[in-house]
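This report refers to the structure that appears directly beneath it.
2 protein chains.
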Amino acid sequence: MIDPWGNIEISNYEKVFREFGLTKFPSNWSDKLDHYLFKRNIIIAHRDFGKIMQRIKEKKPFIQMTGIASSGKLHFGHKINLDLFKFFKSKGARTYFCIANIDGYVSRPKVKSMEEANEYAINNLAHVLAYGFTKKDVYIQTKKDKIYYSFAFEISKKITEAMFRAVYGHLDLGKAAANMLQYADILHPQLKKYEGKMPSVTSIGVDQDPHARLTRDLAKRINYNLELPSFLYFRHHGGLQKGMKMSASDPYSAVFLDDSIQDVKYKVERSFTGGKDTLKEQKKKGGNPDICKVYEFYKFHYPNDKFVIDIYSKCKKGEILCKECKEKCIAFLSSFLSKHQKKFKRYLGIARRMIL
Amino acid sequence: MIDPWGNIEISNYEKVFREFGLTKFPSNWSDKLDHYLFKRNIIIAHRDFGKIMQRIKEKKPFIQMTGIASSGKLHFGHKINLDLFKFFKSKGARTYFCIANIDGYVSRPKVKSMEEANEYAINNLAHVLAYGFTKKDVYIQTKKDKIYYSFAFEISKKITEAMFRAVYGHLDLGKAAANMLQYADILHPQLKKYEGKMPSVTSIGVDQDPHARLTRDLAKRINYNLELPSFLYFRHHGGLQKGMKMSASDPYSAVFLDDSIQDVKYKVERSFTGGKDTLKEQKKKGGNPDICKVYEFYKFHYPNDKFVIDIYSKCKKGEILCKECKEKCIAFLSSFLSKHQKKFKRYLGIARRMIL
């Protein structure tokens, strides 16, 4: 069976879903939404997303809140979050994309000063603006209204040591503070000053679900009339080598939005594939796209479904070999990045003025 | 020996001072400052106050930061803090008096909502304005610039679980959050946006010293060029009954700035004194002002030194009995409160507009 979207593999997640109380994303919703992230099973699960489906159906507004902690450069793992954000915006979402510069500094030991976090923030913001976000889609933690900060402190009253430790296993005050801001990030769009009570959606990795559950619990416990926030869960986007995460701290694990064409070439050429030991064997038996990092890039990023299905099928049949496939991937990423980076440069100054 | 200012009793504190690393407030500084709180040994100790003495001598500005958590009504225990604040203002201090409404809600289980904290804040603020503070002397946590909030979160990075637990013995996130704001309260006046690096003084009870030490430690550890804040320590102002604290939760423990003349009369008449069992015995042997709650009110509040020394001496000699002494005290407090409460009413509307 040809399954270019790796739906089978999701069965590995199902135990985790049951444990966490997540629901597998239903295929009839994916069909309705008709967007590559759903069709390709990159969004694998949800919590309470029915409310958002309903709002989209009724053409009523809903909140979408997401963001990036300013602790490193953006890579293609972040890009899917940006794609989803643009999609929901097109469906009528009220947009809250957080440039989390306080979070970046406070919660990451490697970020040594607010100045450093702000430099990451400028870089990240210029990328999202270059990617088509407007200034209004975005907010910067340090520039946010004071009501947002008061709200963060107010929420803290409802969190005991035991609750916090159960979810995060530690209690360093800096990390706790960053979490307080994250609850406020997700819930504050429902304050009167912003949209008021309204369904909201935030997209996260499955490993972040305990955080989502605590946020929903807090939404019930604070003295506000709030809709419980909904969550979507991304399939994990692996790094370029086997068993590796895309990580800002390892430049060879990921393709970054700042990477040069040379970088892309170097990284993709050396990436892990599903190729066989010999060309002969591969031509005969075909490759294995399901474990291939190059194919993963296509699946997570290549806009044209037909092209991706085609590559998958050709690979399986041994009709395309790794060298050619990598060249296509390098060409795709290079073309994407060179266009994007031209815009990025134009937004750097704007981003700097917005952050500082 | 006649010692109306209870200097002897301070020997009880000395062990605590040594343990905490506090320094007894030197009598030559008290003489120089020439204010009742120093002369009467109500300020009993300090940490690094020499810097402030120097600034006063050189007629250079310094910061004084103090405030009130919005979790109850003000009583005469709070008044001494207001008196000290006015005194330092007259000596050229840059004034930062915090109406801590977030703190009041977040750190006190009995305060059930921000609305409730804000009602206390309005009451407290109207009192301090009626007592001669200007709007510029005061800031309200929820109305503070966002840089103050960012700064509070930024500080949190330098606090590990172990540090926090060593000082406070717990880690409920609400209380931790309130503490984060308190560090920001004490340190933020030295940010560039405010006064820049400058000696600062905050007055607290001896039991709050671990908090002061942690704040000084943080001032060293954050990436800012800050003067370590100085602290003054108040002698404990007891409640109206033996062994009782002045407490907002027990209306009979304290005289409140909102109390009616009837309340004052009722409370003072029933307060604990140093009187003997019989009038005859008291006339013969004299009373004991050192343990008397009525005398404590004179010592902590009566402006005229000579009057207070006189009462002390007459009591000791049995020349004044409790009934007469209480009547004088009721007259003094009633006169003070009736004048103050007239002004207080005028400021209530202003305070409400400032808080909400």
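Chains as they are written, first to last, in numbering that gives the first Met the number 0: chain A, 0 to 355; chain B, 0 to 355. C-beta atoms are modelled at their ideal positions from N, C-alpha and C, and glycine is treated no differently. Only a predicted model underlies this, so the values are computations on that prediction, with no experimental measurement involved.
Residue i vs residue j beta-carbon contact at 7 Å
i: GLU268 of chain A; j: LYS313 of chain A; result: no
i: ALA129 of chain A; j: PHE331 of chain A; result: no
i: MET179 of chain A; j: ALA161 of chain A; result: no
i: ILE185 of chain A; j: PRO228 of chain A; result: yes
i: HIS126 of chain A; j: LEU256 of chain A; result: yes
i: ILE42 of chain B; j: LEU231 of chain B; result: yes
i: LYS316 of chain B; j: GLY285 of chain B; result: yes
i: MET208 of chain A; j: PHE19 of chain A; result: Inspection of the sequence shows that residue 208 of chain A is occupied by Asp rather than by Met. Cβ atoms of ASP208 of chain A and PHE19 of chain A: closer than 7 Å.
i: LYS192 of chain B; j: ILE146 of chain B; result: yes
i: GLY76 of chain B; j: MET245 of chain B; result: yes
i: LEU21 of chain B; j: ALA44 of chain B; result: yes
i: SER350 of chain A; j: LEU73 of chain A; result: The displayed chain sequence assigns Ala, not Ser, to residue 350 of chain A. No, the pair does not count as a contact, with Cβ atoms beyond the cut-off.
i: PRO25 of chain A; j: TYR95 of chain A; result: no
i: GLN63 of chain B; j: ALA92 of chain B; result: yes
i: LYS174 of chain A; j: SER270 of chain A; result: no
i: ARG220 of chain A; j: LYS322 of chain A; result: no
i: TRP4 of chain B; j: ARG46 of chain B; result: no
i: ASN117 of chain A; j: ILE354 of chain A; result: yes
i: PHE299 of chain A; j: CYS328 of chain A; result: no
i: GLY238 of chain A; j: SER248 of chain A; result: no
i: LYS90 of chain A; j: ILE55 of chain A; result: yes
i: ILE51 of chain B; j: PHE61 of chain B; result: yes
i: TYR148 of chain B; j: TYR148 of chain A; result: yes
i: PHE233 of chain A; j: GLY195 of chain A; result: no
Cβ distance (whole Å) where residue i is taken to contact residue j below 8 Å
i: TYR119 of chain A; j: SER70 of chain A; result: 6 Å
i: SER155 of chain B; j: ALA68 of chain A; result: Not confirmed; about 15 Å, so no contact.
i: VAL263 of chain A; j: SER333 of chain A; result: 6 Å
i: GLU114 of chain B; j: MET113 of chain A; result: Going by Cβ atoms, the distance from GLU114 of chain B to MET113 of chain A rounds to 33 Å, so no, they are not a contact pair.
i: PHE86 of chain B; j: THR65 of chain B; result: About 12 Å; that fails the 8 Å criterion.
i: PHE163 of chain B; j: LEU172 of chain A; result: 6 Å
i: PRO288 of chain B; j: TYR35 of chain B; result: Between TYR35 of chain B and PRO288 of chain B the Cβ distance is about 17 Å, and since that is not below 8 Å, they are no contact.
i: TYR294 of chain B; j: GLY273 of chain B; result: 7 Å
i: ASP136 of chain B; j: LYS88 of chain B; result: 7 Å
i: ASP258 of chain B; j: LEU336 of chain B; result: 6 Å
CB contact check: residue i to chain E, cutoff 7 Å
i: PHE48 of chain B; result: The chain inventory of the structure shown lacks chain E, comprising the protein chains A and B.
Three-pair Cβ contact test at 8 Å for the region 101 to 111 of chain B versus the region 279 to 288 of chain B: no
Which residues, in chain order, does the region 80 to 110 of chain A contribute to contact with chain B at a C-beta distance below 7 Å? ILE101, TYR104, VAL105
Got a sec: which bits of the region 128 to 160 of chain A sit with their beta carbon under 9 Å from any beta carbon on chain B, in order along the chain? GLN140, THR141, LYS142, LYS143, ASP144, LYS145, ILE146, TYR147, TYR148, SER149, ALA151, PHE152, GLU153, ILE154, SER155, LYS156, LYS157, ILE158, THR159, GLU160
Compile a chain-ordered list of the residues in the region 169 to 182 of chain A whose CB is closer than 9 Å to at least one CB of chain B. HIS169, LEU170, ASP171, LEU172, GLY173, LYS174, ALA175, ALA176, ALA177, ASN178, MET179, LEU180
Of all the residues that make up the region 215 to 230 of chain A, which are near chain B by a beta-carbon distance shorter than 8 Å? Taking a C-beta cut-off of 8 Å against chain B, the contacting residues of the region 215 to 230 of chain A are ASN222, listed in chain order.
Three or more C-beta pairs under 8 Å: does that hold for the region 206 to 213 of chain A against the region 195 to 212 of chain B? no
Those runs of the beta strand (DSSP E) which lie wholly inside the region 126 to 185 of chain B and span at least 3 residues: At a cut-off of 3 residues, the continuous stretches assigned as beta strand (DSSP E) that sit fully inside the region 126 to 185 of chain B are 137 to 139.
Could you tell me which whole alpha helix (DSSP H) segments of length 4 or greater appear in the region 16 to 88 of chain B? 26 to 32, 35 to 38, 49 to 56
Taking only runs of the alpha helix (DSSP H) that begin and end inside the region 291 to 353 of chain A, which ones reach a length of at least 4 residues, in chain order? Here the runs fully enclosed are 292 to 300, 304 to 316.
List, from N- to C-terminal side, the beta strand (DSSP E) runs of 3 residues or more that fit wholly inside the region 179 to 233 of chain B. 199 to 204, 229 to 233
Inside the region 239 to 284 of chain B only - alpha helix (DSSP H) runs reaching at least 4 residues: Under the rule that a run must span 4 or more residues, the alpha helix (DSSP H) segments found entirely inside the region 239 to 284 of chain B read 260 to 268, 278 to 284.
Listed in chain order, which residues of the region 113 to 127 of chain B have Cβ atoms closer than 7 Å to some Cβ of chain A? MET113
Going along the region 331 to 347 of chain B in order, which residues come within less than 7 Å of chain A, judged by CB to CB distance? Answer set for the region 331 to 347 of chain B: empty.
Taking any Cβ of chain A, which residues in the region 287 to 309 of chain B have a Cβ under 8 Å from it, in chain order? Close to chain A, meaning a Cβ-Cβ distance shorter than 8 Å, is no residue of the region 287 to 309 of chain B at all.
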